[in-house]
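Protein chains in written order, with the working numbering: chain A, 1 to 260; chain B, 261 to 520.
What follows is a single structure, written as structure tokens, with notes after it.
2 protein chains.
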Amino acid sequence: MPVGLVPTMGFLHDGHLSLVDLARRQNSSVITTIFVNPTQFGPQEDLEGYPRDIPRDLELLEKRGVDLVWIPDREEMYSKGFQTWVTVDDVTRFLEGKMRPGHFRGVTTIVAKLFNAVMPDKAYFGQKDAQQVVVLRRMVMDLNYPIEIVVAPIVREEDGLAMSSRNVYLNPAERQAATVLFRALKTADQAFKAGNRDADGLKRIMEEIISSEELANLQYISCADMDSLEELSGQVNRGLLSMAVFIGKTRLIDNILIGI
Amino acid sequence: MPVGLVPTMGFLHDGHLSLVDLARRQNSSVITTIFVNPTQFGPQEDLEGYPRDIPRDLELLEKRGVDLVWIPDREEMYSKGFQTWVTVDDVTRFLEGKMRPGHFRGVTTIVAKLFNAVMPDKAYFGQKDAQQVVVLRRMVMDLNYPIEIVVAPIVREEDGLAMSSRNVYLNPAERQAATVLFRALKTADQAFKAGNRDADGLKRIMEEIISSEELANLQYISCADMDSLEELSGQVNRGLLSMAVFIGKTRLIDNILIGI
Numbered sequence: 001m002p003v004g005l006v007p008t009m010g011f012l013h014d015g016h017l018s019l020v021d022l023a024r025r026q027n028s029s030v031i032t033t034i035f036v037n038p039t040q041f042g043p044q045e046d047l048e049g050y051p052r053d054i055p056r057d058l059e060l061l062e063k064r065g066v067d068l069v070w071i072p073d074r075e076e077m078y079s080k081g082f083q084t085w086v087t088v089d090d091v092t093r094f095l096e097g098k099m100r101p102g103h104f105r106g107v108t109t110i111v112a113k114l115f116n117a118v119m120p121d122k123a124y125f126g127q128k129d130a131q132q133v134v135v136l137r138r139m140v141m142d143l144n145y146p147i148e149i150v151v152a153p154i155v156r157e158e159d160g161l162a163m164s165s166r167n168v169y170l171n172p173a174e175r176q177a178a179t180v181l182f183r184a185l186k187t188a189d190q191a192f193k194a195g196n197r198d199a200d201g202l203k204r205i206m207e208e209i210i211s212s213e214e215l216a217n218l219q220y221i222s223c224a225d226m227d228s229l230e231e232l233s234g235q236v237n238r239g240l241l242s243m244a245v246f247i248g249k250t251r252l253i254d255n256i257l258i259g260i
Numbered sequence: 261m262p263v264g265l266v267p268t269m270g271f272l273h274d275g276h277l278s279l280v281d282l283a284r285r286q287n288s289s290v291i292t293t294i295f296v297n298p299t300q301f302g303p304q305e306d307l308e309g310y311p312r313d314i315p316r317d318l319e320l321l322e323k324r325g326v327d328l329v330w331i332p333d334r335e336e337m338y339s340k341g342f343q344t345w346v347t348v349d350d351v352t353r354f355l356e357g358k359m360r361p362g363h364f365r366g367v368t369t370i371v372a373k374l375f376n377a378v379m380p381d382k383a384y385f386g387q388k389d390a391q392q393v394v395v396l397r398r399m400v401m402d403l404n405y406p407i408e409i410v411v412a413p414i415v416r417e418e419d420g421l422a423m424s425s426r427n428v429y430l431n432p433a434e435r436q437a438a439t440v441l442f443r444a445l446k447t448a449d450q451a452f453k454a455g456n457r458d459a460d461g462l463k464r465i466m467e468e469i470i471s472s473e474e475l476a477n478l479q480y481i482s483c484a485d486m487d488s489l490e491e492l493s494g495q496v497n498r499g500l501l502s503m504a505v506f507i508g509k510t511r512l513i514d515n516i517l518i519g520i
């Protein structure tokens with residue numbers, strides 16, 4: 001009687017729903033949580049503006065046959081005197097962890113809380129947040145959680161933009177410009193497949209494409225080891241290409257695995 | 261069908277066995293773990309010399325009707341690349357946490373691991389480690405563990421010395437001197453019951469008794485709030501009297517609750 005958990009921050013899109021569908025196929029019970037977790041947002045980030053639409057989310061989840069939706073409020077999750085944190089050290093030092101100090105401490109703490117409260121057999125996360133998957137797998141291993149982390153591929157719009165609740169922030173011109181992330185990743189992937197295996201060369205290819213888009217402002221670009229997330233150099237046989245790009249004021253991330 | 265967990269570091273004494281007996285009465289299954297957890301020892305502490313006697317422990321636990329004894333080895337609990345920690349902030353800043361930096365991070369991490377692996381309904385700890393109880397209760401609350409922390413009273417030798425695996429370090433003269441901890445606590449408790457409610461006055465009473473014992477070297481003495489563990493001053497209605505005292509090279513702790 002396996003129980004599947006799909007933790008979300010709500011404002012669901014087809015990426016979330018692909019996780020729900022996968023969980024539905026693999027479990028006899030599916031629980032979805034909706035919680036915009038304040039501790040994973042930095043002080044300058046979009047916690048208060050984060051998009052919310054609970055009635056629509058509930059309708060979507062009901063149609064997909066979710067058994068239980070848990071929508072805790074902030075005071076329930078972080079009551080007076082809260083002071084306990086779960087931290088993963090090494091793999092949080094890079095990429096998103098470097099750009100968003102404290103972000104992963106918030107993620108691992110809330111996911112540990114959800115795991116403890118729900119005690120699922122499997123938990124579902126999207127490859128869109130590639131580092132989050134690495135961090136949570138490490139947490140599960142290190143803390144002896146008897147839970148399988150199941151990862152589903154990135155779901156994209158027809159023009160390649162990775163689905164994200166934050167895409168709603170984009171105006172029409174920005175929405176068009178936002179396709180540049182996947183164009184850069186795909187071009188580097190094609191170059192890799194054509195035999196260009198130099199990490200710096202692949203990053204240069206992506207940088208050039210990002211810089212050709214006027215509305216795009218590159219925050220970081222990376223070719224990293226898939227497990228340790230350490231930056232690679234020289235010839236690579238496999239790796240995680242990832243980036244964070246501001247399109248106007250909206251920060252987008254995307255990634256692609258090469259060599260697997 | 262409740263499951264009770266009694267985590268220990270082995271070299272069992274009647275204090276541990278009182279926890280096992282209580283767990284046996286309250287659960288249909290009782291699991292005891294024996295693991296000398298390296299991450300809760302400081303670099304100058306007694307990790308390698310910590311007393312061990314697994315055959316004797318197993319015999320004692322079998323007699324008490326424990327269903328399962330889990331004795332993980334170090335590599336099993338802290339495998340290559342281990343990097344995840346559970347930390348409780350505020351209540352670990354005082355007392356033992358202040359004297360033993362990193363100690364409670366080790367305790368909360370290993371207990372979280374045992375909780376996740378065993379998924380007990382109740383877990384048993386001794387009041388001897390009074391701060392540990394406060395820290396673990398906070399962890400359970402903050403991280404949504406559906407586990408009840410059950411605390412059993414300190415078990416003492418006939419002359420009042422609190423049972424501890426470390427008492428084996430004491431030579432005969434030190435063993436005699438070690439009774440000074442409980443004598444100090446008991447005298448302060450009697451003064452409190454007789455109407456002396458001044459925190460500093462109670463601490464002075466204990467200090468004088470400790471300093472009268474030549475082999476004793478006081479590390480700290482405290483009259484603290486039972487929940488926050490913050491040091492109290494002025495008139496107190498209830499509190500935790502606690503101390504750490506070196507008897508020769510052996511560090512002993514003891515405590516008593518007043519006003520409850």
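Here a beta-carbon is modelled for each residue, glycine too, at the ideal position from N, C-alpha and C.
All values reported here derive from a predicted model rather than from experimental measurement.
Rounded Cβ spacing between residue i and residue j (contact assumed at less than 8 Å)
i	j	result
B/Lys428	B/Ile409	It is worth fixing the name first, because residue 428 of chain B is Val in this sequence and not Lys. That pair is no contact at about 27 Å.
A/Thr187	A/Ile209	6 Å
A/Ala194	A/Val236	Contact flag wrong, Cβ pair sits at about 14 Å.
B/Lys388	B/Ala438	With 8 Å as the limit, B/Lys388 and B/Ala438 do not qualify as a contact, their Cβ atoms being about 14 Å apart.
A/Asn225	A/Met243	In the sequence as presented, Asn is not what sits at residue 225 of chain A; that position holds Asp. At roughly 16 Å, the Cβ-Cβ gap does not stay under 8 Å, so A/Asp225 and A/Met243 are not in contact.
B/Leu320	B/Leu277	7 Å
B/Thr510	B/Arg457	At roughly 33 Å, the Cβ-Cβ gap does not stay under 8 Å, so B/Thr510 and B/Arg457 are not in contact.
B/Gly357	B/Gly275	Incorrect: roughly 21 Å between the Cβ atoms, too far for contact.
A/Lys113	B/Leu403	6 Å
Closest Cα partner of residue i within the set the options
i	options	result
A/Thr92	A/Pro72, A/Phe125, A/Lys249 and A/Leu136	A/Leu136
B/Asp381	B/Gln436, B/Ser289 and B/Ile314	B/Ser289
A/His13	A/Thr179, A/Ser164 and A/Ala173	A/Ser164
B/Asn287	B/Pro262, B/Arg457, B/Arg498 and B/Arg398	B/Pro262
B/Pro303	B/Asp389, B/Arg498, B/Met359 and B/Asp485	B/Met359
B/Pro361	B/Gly508, B/Met486, B/Leu320 and B/Glu305	B/Glu305
B/Val505	B/Glu474, B/Leu403, B/Arg498 and B/Gly494	B/Glu474
B/Arg398	B/Val371, B/Tyr310, B/Leu462 and B/Asp317	B/Val371
A/Gly49	A/Phe11, A/Asp57 and A/Leu19	A/Phe11
A/Ala123	A/Arg156, A/Val20 and A/Leu218	A/Val20
A/Phe182	A/Gly201, A/Val155 and A/Lys63	A/Val155
B/Arg285	B/Gln300, B/Asn297, B/Thr299 and B/Val266	B/Val266
A/Gln141	B/Asn456, B/Glu336 and B/Arg365	One detail in the question is off: residue 141 of chain A reads as Met in this sequence, not Gln. Per the Cα distances, B/Glu336.
A/Ala152	A/Leu22, A/Arg166, A/Arg56 and A/Leu143	A/Leu22
B/Ile407	A/Asp159, A/Met119 and A/Asn171	A/Met119
B/Asn477	B/Pro315, B/Thr268 and B/Gly508	B/Gly508
B/Asp313	B/Gln300, B/Leu307, B/Phe385 and B/Met269	B/Met269
A/Phe41	A/Gly106, A/Val66 and A/Phe82	A/Gly106
B/Tyr338	B/Pro298, B/Val348 and B/Glu417	B/Pro298
B/Leu512	B/Val346, B/Gln479 and B/Pro315	B/Gln479
B/Lys463	B/Pro311, B/Glu417 and B/Leu492	B/Leu492
B/Asp487	B/Pro432, B/Asp350 and B/Glu467	B/Asp350
N-terminal and C-terminal residue of the beta strand (DSSP E) that residue i is part of
i	result
B/Met503	Gly499 to Ile507
A/Asp254	Thr250 to Ile258
A/Glu213	It is not in any beta strand (DSSP E) - A/Glu213 carries neither H nor E in the DSSP assignment.
B/Leu328	Leu328 to Trp330
A/Val151	Glu148 to Ala152
A/Leu5	Val3 to Thr8
Extent of the continuous alpha helix (DSSP H) to which residue i belongs
i	result
B/Arg365	His363 to Val378
A/Ala188	Val180 to Lys193
B/Ser278	Asp274 to Gln286
A/Glu230	Taken as a continuous stretch (DSSP letters only), A/Glu230 belongs to no alpha helix (DSSP H), as it is neither H nor E.
A/Lys98	Leu95 to Met99
A/Pro172	Pro172 to Ala177
A/Pro55	Ile54 to Lys63
Cutoff 8 Å; reference residue i; Cβ partners in own chain excluding five residues on either side
i	result
A/Pro72	Thr33 and Phe35
B/Thr344	Thr369
B/Glu490	Phe354 and Ala484
B/Gly461	Ala451
A/Ile205	Ala184, Thr187, Ala188, Ala191 and Asn196
Other residues of its chain near residue i: CB distance less than 7 Å, five sequence neighbours each side excluded
i	result
A/Ile256	Leu185, Asp189 and Leu241
A/Ile258	Asp189, Phe192, Arg238, Gly239 and Leu241
B/Leu318	Val329
A/Asp159	Thr179
Residue i at chain C interface by Cβ criterion, 8 Å
i	result
B/Asp281	Checking the listed chains, one finds no chain C in this structure; the protein chains it contains are A and B.
6 Å CB neighbourhood of residue i in its chain, flanking five on each side removed
i	result
A/Phe104	Thr92, Gly97 and Val135
Original post:
According to a CB-to-CB cut-off of less than 7 Å, which residues of the segment 336-347 of chain B neighbour chain A?
Top reply: From the segment 336-347 of chain B, only Phe342, Gln343, Thr344, Trp345, Val346 and Thr347 have a Cβ closer than 7 Å to chain A.
Subject >> Where the segment 199-211 of chain A meets chain B: residues whose CB sits under 8 Å from a CB there >> reply: Sequence-ordered contacts of the segment 199-211 of chain A with chain B are nonexistent [C-beta pairs closer than 8 Å].
Subject >> Residues of the segment 399-432 of chain B with Cβ closer than 8 Å to any Cβ of chain A, in chain order >> reply: The residues in question are Met399, Met401, Asp402, Leu403, Asn404, Tyr405 and Pro406.
**OP:** Could you please tell me which residues of the segment 97-118 of chain A, in chain order, have their CB closer than 7 Å to any CB of chain B?
**Re:** Within the segment 97-118 of chain A, the residues whose Cβ lies closer than 7 Å to some Cβ of chain B are Ala112, Lys113, Asn116 and Ala117, listed in chain order.
**OP:** Note down, in chain order, all residues in the segment 315-334 of chain B with a beta-carbon under 8 Å from any beta-carbon belonging to chain A.
**Re:** Close to chain A, meaning a Cβ-Cβ distance shorter than 8 Å, is no residue of the segment 315-334 of chain B at all.
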